[in-house]
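These notes are about the structure you will find just below.
Numbering (full-length UniProt numbering), first residue to last: 1 to 175.
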C-alpha cells in the first residue's frame, strides 16, 4: 500500500503541480494508511477528486480497486462538498449531516468533534516516530548495528540469516 500511495503522490503532483493541495501546508499529509483502510484528505472537492482518480489509475496495474460501497466522502466542519466522482464519473457517497462513519474504532461525523480524537492519535503517533528517528540517527549507534537489526527484523528469514552467513564463511574457509 505504501508503494501505491507513493505512486499516487507522484501522479497527483504531476497533474496538479507541486502546489500544496494537501491536508496541512506545514506537514503535507494527504493520506492516512492502516492496513487496507485508507483516508484521503484534501481542502477542496476538485483536489480530492483528482487525488481519488489518481489512486484509481495507479491501483489498476497492481490489480487493486476501490470498494465503491465502502468509499465515502466526509467534509468536517465546512460547507458540503461539491460533486466528487470516480474515474467513470460515478459520484462518491457524501456523508450527510445526520450520518456518521466509523474509521478504526472512531466515529466520525460532519460536526467534527471526533476529529479531536483522531488528531490526538495522529499527534501521538508522530511523536513516537520522531523519537524513533532521533534514536536511529544517534551518533553512538553504528551503521553496522542498524543494518544488522534491519536485516534481522525486516528481511525474509531474518533469524536464519546469521546462521546462513556463518555456514557460508565456514564453507569459504574450508575451500
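All residues carry an ideal CB built from backbone N, CA and C; glycine is no exception. Predicted model, so just to flag it, every value in this text is computed and none were measured.
Per-residue burial, residue i [other beta carbons within 10 Å of its own, 16 or more giving buried]
i, result
"residue 6", "exposed"
"residue 90", "exposed"
"residue 49", "buried"
"residue 44", "exposed"
"residue 12", "buried"
"residue 15", "exposed"
"residue 137", "exposed"
"residue 40", "buried"
Beta-carbon proximity check, residue i vs residue j, cutoff 8 Å
i, j, result
"residue 74", "residue 121", "no"
"residue 92", "residue 51", "no"
"residue 72", "residue 95", "yes"
"residue 8", "residue 55", "yes"
Beta-carbon contacts of residue i that lie in its chain and below 7 Å, excluding the five residues immediately before and after
i, result
"residue 27", "Caution is warranted here: a pLDDT of 44 is assigned to residue 27, below 50, making its placement in the model unreliable, and no coordinate value can be reported."
"residue 100", "107, 108, 109"
"residue 24", "Because the pLDDT of residue 24 is 44, which lies under 50, any placement of that residue in the model is unreliable, and the number read from its coordinates should be weighed accordingly. Cβ neighbours of residue 24 beyond the five flanking positions: none."
Endpoints, the alpha helix (DSSP H) within which residue i is located
i, result
"residue 47", "45 to 59"
Integer-rounded CB distance, given that residue j should sit under 8 Å from residue i
i, j, result
"residue 103", "residue 37", "7 Å"
"residue 57", "residue 85", "Actually they do not touch by this definition, with Cβ atoms about 13 Å apart."
"residue 62", "residue 132", "That pair is no contact at about 28 Å."
Delimiting residues of the beta strand (DSSP E) encompassing residue i
i, result
"residue 42", "Taken as a continuous stretch (DSSP letters only), residue 42 belongs to no beta strand (DSSP E), as it is neither H nor E."
"residue 107", "106 to 109"
"residue 62", "Looking at the DSSP string, residue 62 is not in any beta strand (DSSP E), and its letter there is neither H nor E."
"residue 74", "That residue, residue 74, is in no beta strand (DSSP E); it is neither H nor E in DSSP."
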